[in-house]
Amino acid sequence: MESVNNEKVVVFRTYNTLFEANVVKELLASNDIPSMIKNEHTTVLLPMFSPMSGVALMVLEKDLAKAQEIVDGTNNSDNVLIEK
Numbered sequence: 374m375e376s377v378n379n380e381k382v383v384v385f386r387t388y389n390t391l392f393e394a395n396v397v398k399e400l401l402a403s404n405d406i407p408s409m410i411k412n413e414h415t416t417v418l419l420p421m422f423s424p425m426s427g428v429a430l431m432v433l434e435k436d437l438a439k440a441q442e443i444v445d446g447t448n449n450s451d452n453v454l455i456e457k
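For what it's worth, this note's numbering labels the leading residue of the sequence shown as 374, then goes sequentially.
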């Protein structure tokens, strides 16, 4: 079990590519939710294995529900906000 400062870290979602994981990581960061990508270097060095193992995006357990709400809300939105 992983932890940061005695707080449990859990898998938020698993993505097929590092790019997808980084897009969601930035979305979470813009909403003040820290996250990290597990096995990031493995997927860069051995990209042929990332579809099999996936790229895991990790968040603190206390942020899990908020992260799901943000990402699910973004995926289900018909309107896309583009900042200028």
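Where a beta carbon is used, it is the ideal one built from N, C-alpha and C, also for glycine.
Buried or exposed (CB count within 10 angstroms, at least 16 for buried), K398: Residue environment analysis places K398 among the buried positions, since at least 16 neighbouring C-beta atoms fall within 10 angstroms of its C-beta.
Option in P407, S403 and F392 with minimal Cα separation from V384: Residue P407 is the option with its Cα nearest to V384.
Unbroken beta strand (DSSP E) run spanning K411, endpoints: Start and end: S408 to K411.
T387 Cβ short of 6 Å to the ligand GTP heavy atom set: Absent from the structure shown: the ligand GTP. Ligands present: none.
Between the CA atoms of K381 and L410 - distance to the nearest angstrom: Note that residue 410 is Ile in the sequence shown, not Leu. Whole-angstrom Cα-Cα distance: 15 Å.
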